[in-house]
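To keep things clear, I will list the structure first and then write my remarks on it.
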Amino acid sequence: MLLVISFLVSCQRKEAKSEQFVPKKTTLKDSDLYSKVYYISTSLNTEKCMAQNDGCDCCDGKIVFLDGNRFISDFYCIPDEEFNSGSFQIKKDKLILNYDKYQAVLGPVNENDIDSKDTLRVESSNCSTLELSIFTCQKKILFKSSSEYYSEDHTTHFSDALAAYKKSGVWNLLEGED
Numbered sequence: 155m156l157l158v159i160s161f162l163v164s165c166q167r168k169e170a171k172s173e174q175f176v177p178k179k180t181t182l183k184d185s186d187l188y189s190k191v192y193y194i195s196t197s198l199n200t201e202k203c204m205a206q207n208d209g210c211d212c213c214d215g216k217i218v219f220l221d222g223n224r225f226i227s228d229f230y231c232i233p234d235e236e237f238n239s240g241s242f243q244i245k246k247d248k249l250i251l252n253y254d255k256y257q258a259v260l261g262p263v264n265e266n267d268i269d270s271k272d273t274l275r276v277e278s279s280n281c282s283t284l285e286l287s288i289f290t291c292q293k294k295i296l297f298k299s300s301s302e303y304y305s306e307d308h309t310t311h312f313s314d315a316l317a318a319y320k321k322s323g324v325w326n327l328l329e330g331e332d
């Protein structure tokens, strides 16, 4: 009986925590996102208000917000890493991501041959427009799609992310020369 009561109390505590997620009637401006990196995953750690990966292969990535309302995002899903770019804008309580028509892909040309050498190539993108809800959690600005959470990444620095894109050749394929 004590075990059942303990289980019910823990469930109620988790439900109460959901009240901390407040849709953001935002004063957030596009320029507030410039030079920020956000981590993307399918789960949210409600205590730290951070997106987190619960161990799935194709469930995380990052988005780097550039000046001039541009972004680059990347997702890793064995055997490929996909890089997309596009433009963004904030409208009321939404972050709108408009993806470019092409993406860079790093991985084997033949996905069935995972032992072959990875190549960086341009392919058509399956993405077009994504509308994210803006909300706050413990005073942190987060974004949510129908299946993913976006939280500011404090482990990946903006300059390091850009340097990695340039070193790998992704920057030149998606954004052109400096």
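Residue numbers (our numbering): 155 to 332. C-beta: ideal position from N, C-alpha, C; glycine also.
Would you give the residue range spanned by the beta strand (DSSP E) that residue i belongs to?
i: Val-263; result: Premise fails: Val-263 is in no beta strand (DSSP E) and is neither H nor E.
i: Gly-215; result: 214-220
i: Gly-240; result: 234-245
i: Lys-294; result: 294-298
i: Ser-195; result: 191-195
i: Tyr-230; result: 224-231
i: Ser-282; result: First-last for Ser-282: undefined, no H or E at that position.
i: Ser-305; result: 303-306
Between residue i and residue j, what straight-line distance do the alpha-carbon atoms span, to the nearest angstrom?
i: Asp-234; j: Val-259; result: 7 Å
i: Gln-292; j: Glu-306; result: 13 Å
i: Asp-254; j: Cys-281; result: 8 Å
i: Asp-247; j: Lys-294; result: 15 Å
i: Ser-299; j: Gln-206; result: 15 Å
i: Arg-167; j: Ala-317; result: Because the pLDDT of Arg-167 is 27, which lies under 50, any placement of that residue in the model is unreliable, and the question is left without a value.
i: Gly-215; j: Val-263; result: 21 Å
i: Glu-173; j: Phe-297; result: Note that Glu-173 scores a pLDDT of 39, beneath 50, so its modelled location is shaky; the value from the coordinates is reported in the next line. In a straight line, the C-alpha of Glu-173 is about 16 Å away from that of Phe-297.
i: Ser-185; j: Asn-199; result: 27 Å
i: Glu-169; j: Gly-323; result: Residue placement at Glu-169 is poorly supported in this model, since its pLDDT is 31, which falls under 50; the coordinates are not used for a value here.
i: Glu-329; j: Cys-203; result: 32 Å
i: Cys-213; j: Leu-187; result: 23 Å
i: Cys-210; j: Leu-182; result: 32 Å
i: Lys-320; j: Asp-267; result: 27 Å
i: Glu-265; j: Leu-327; result: 21 Å
i: Ser-313; j: Ser-197; result: 26 Å
i: Trp-325; j: Glu-201; result: 35 Å
i: Asp-208; j: His-308; result: 19 Å
i: Ala-104; j: Tyr-230; result: Residue 104 falls outside the range modelled here, since the chain spans only 155 to 332, and no answer is possible.
On a CA-only basis, which of the options is nearest residue i? Give me that one, please.
i: Asn-238; options: Lys-245, Ile-226, Asn-264, Asn-252; result: Ile-226
i: Arg-224; options: Pro-262, Lys-202, Cys-210, Ile-244; result: Ile-244
i: Phe-289; options: Leu-249, Asp-211, Tyr-230; result: Leu-249
i: Thr-310; options: Asp-228, Ser-197, Asp-208; result: Asp-228
i: Glu-285; options: Phe-242, Ile-232, Asp-314; result: Phe-242
If I follow the unbroken alpha helix (DSSP H) through residue i, where does it start and stop?
i: Asp-314; result: 312-322
Would you grab the beta carbon distance between residue i and residue j for me? Rounded to a whole angstrom, and I think it's under 8 Å.
i: Gln-257; j: Ser-279; result: 4 Å
i: Gly-240; j: Asn-252; result: 5 Å
Check your understanding: Do three or more CB pairs link the region 209-219 to the region 271-280 at distances below 8 Å?
Key -> no
Q) Quick check: the region 303-318 against the region 192-200, are there 3 or more CB pairs under 8 Å? A) yes
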